[in-house]
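**Student:**
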């Protein structure tokens, strides 16, 4: 009896993998409700959820709160060495980008942000929180922290657009040297709510610290990508 549940999980995973591989379950399509899947595979909800969890960990399917399970679309290729921005990167890969501003305000900088931007104690910082979609699917929650000294009046502009383009057009500021830090993580409350997934869901956190063409630290971005939405690919030139 002990072996029945693991065998059932393996059988469900293989069946769904085969359906996805052969295109019978297409990218972005919604899976039947868990109750119907349990009936189809003649198993319990507990066993079914274990199988779905394994497929989610592999990046083959994903779950959205209150909406159910979906087949994962192809991952976006992300190359940190290429100077680009979200909308351009997504568009160049034949996908449809979209950005929603969650909040934008001036606030006291935390100790961590002061350290990243080399600001003195009790400094103010501009925080912009955004959620970003690819082909309608929420994939990225990002917090931008801007040094206010370099961007007067930035909160009056359309912040759904590329900040890279906004900096260039309105402030004559261009990115120079950039530092990236990437670590696997679990989504905290705000990030999970923005992406409509459970708190603690796996993600890739990318912290980007940006200097301008004059070498000044101007801003930093803290990105939280769904773990199944991105493929980091870097080719180092000779």
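In this note's numbering, the protein residues as written are 164 to 401.
Where a beta carbon is used, it is the ideal one built from N, C-alpha and C, also for glycine.
1. What is the residue span of the alpha helix (DSSP H) that residue 333 lies within?
2. When you compare the CB positions of residue 266 and residue 229, do they come within less than 9 Å of one another, or not?
3. With the cut-off set at 9 Å, would you say residue 326 and residue 248 are in Cβ contact?
4. Count the other CB atoms, across all protein chains shown, that sit within 10 Å of the CB of residue 242; report buried if there are 16 or more and exposed otherwise.
5. CB-CB under 6 Å to residue 304, same chain, minus the five flanking residues each way: which ones, in chain order?
6. Could you tell me whether any non-hydrogen atom of the ligand MG is closer than 8 Å to the CB of residue 275?
7. Can you give me the start and stop residues for the beta strand (DSSP E) that residue 305 sits inside?
8. Along the chain, where does the beta strand (DSSP E) containing residue 233 start, and where does it finish?
9. Please give me, in chain order, every unbroken run of the beta strand (DSSP E) with length at least 3 that falls completely inside the region 231 to 290.
10. Could you tell me which residues DSSP pairs with residue 370 in its beta bridges?
11. Would you mind sorting residue 177 into buried or exposed? The rule is 16 or more other CB atoms within 10 Å of its CB.
12. Of the residues 261, 264, 271, 298, which one's Cα is nearest the Cα of residue 237?
**Tutor:** Taking the definition as stated:
1. Taken as a continuous stretch (DSSP letters only), the alpha helix (DSSP H) holding residue 333 covers 326 to 334.
2. no
3. yes
4. It counts as exposed.
5. 294, 354, 357, 358, 387
6. The ligand MG is absent from the structure shown, which contains no ligand whatsoever.
7. 300 to 309
8. 231 to 234
9. Here the runs fully enclosed are 231 to 234, 239 to 241, 260 to 271.
10. 344, 385
11. exposed
12. 298
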